[in-house]
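Residue numbers (this note's numbering): 734 to 925. Ideal placement from N, C-alpha and C gives every residue a C-beta, glycine not left out.
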Amino acid sequence: MRITCPHCTLAKEIDDFVIPAGPQSVTCPACGQDFSFQRVAVSAAAVSLLPALAGFWQRAVAALVDAAVLTGVLLFSSTLFFFVAAGVSGFDPLAEGLLLATVTWLFASVVAVAYYVFFTGYCGQTPGKMALRLKVQRVDGSDIGFRSAFYRETVGKFLSALLLGLGYLMVAFDERKQGLHDRIAQTYVIKL
Numbered sequence: 734m735r736i737t738c739p740h741c742t743l744a745k746e747i748d749d750f751v752i753p754a755g756p757q758s759v760t761c762p763a764c765g766q767d768f769s770f771q772r773v774a775v776s777a778a779a780v781s782l783l784p785a786l787a788g789f790w791q792r793a794v795a796a797l798v799d800a801a802v803l804t805g806v807l808l809f810s811s812t813l814f815f816f817v818a819a820g821v822s823g824f825d826p827l828a829e830g831l832l833l834a835t836v837t838w839l840f841a842s843v844v845a846v847a848y849y850v851f852f853t854g855y856c857g858q859t860p861g862k863m864a865l866r867l868k869v870q871r872v873d874g875s876d877i878g879f880r881s882a883f884y885r886e887t888v889g890k891f892l893s894a895l896l897l898g899l900g901y902l903m904v905a906f907d908e909r910k911q912g913l914h915d916r917i918a919q920t921y922v923i924k925l
């Protein structure tokens, strides 16, 4: 919902779910004037037109499919990288194992981020989400795009994981089925 100050015309988009029902009185942060507004009620017909949100277990299975695909890609490419690096430079893998492990880890990290950002930004679906007919979209219903996908898949998922996975577990208990990374990027995962 877009809330606009009638005094200075400052406008801000606010998620409908955070606005309590009934008349609200607020103070404009720009001009300091008080004004009131009321959330527009959504009719039952409009609610039925909203897409169904994907639950925790559907998203978990999609994540497992993505993990399997990504693991296959990384095993193949890392093995290829290892043998090419060992053959070209002639180094001893046992003696220089730490360097090789570090380079391989960096390579795997870049590939994983590129995988999630590309697929999510391009069509809102990773191969795992395609298999389960799920899609990431912005809360306003628009496509996610690469900028929001990058933000969701890097900053959002890093913070979700940093909190011992609780950011992901939020999906199971949130009425809007949003994890922390979804809230940060203002996205939903919907069923197609």
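Measuring straight from C-alpha to C-alpha, what distance separates residue i and residue j?
i	j	result
residue 893	residue 915	10 angstroms
residue 784	residue 836	43 angstroms
residue 745	residue 735	6 angstroms
residue 862	residue 868	6 angstroms
residue 902	residue 841	25 angstroms
residue 832	residue 881	34 angstroms
residue 905	residue 890	16 angstroms
Taking C-beta to C-beta, are residue i and residue j nearer than 8 angstroms?
i	j	result
residue 878	residue 854	yes
residue 923	residue 797	no
residue 844	residue 807	yes
Could you name the residues that DSSP lists as bridge partners for residue i?
i	result
residue 746	735
residue 920	871
residue 876	870
My output table needs one value for residue i: the three-state DSSP class, helix, strand or coil.
i	result
residue 807	helix
residue 756	strand
residue 771	strand
residue 907	coil
residue 896	coil
residue 786	strand
8 angstroms is my cut-off, CB to CB: does residue i come that close to chain B?
i	result
residue 860	No chain B appears in this structure, which consists of one protein chain only.
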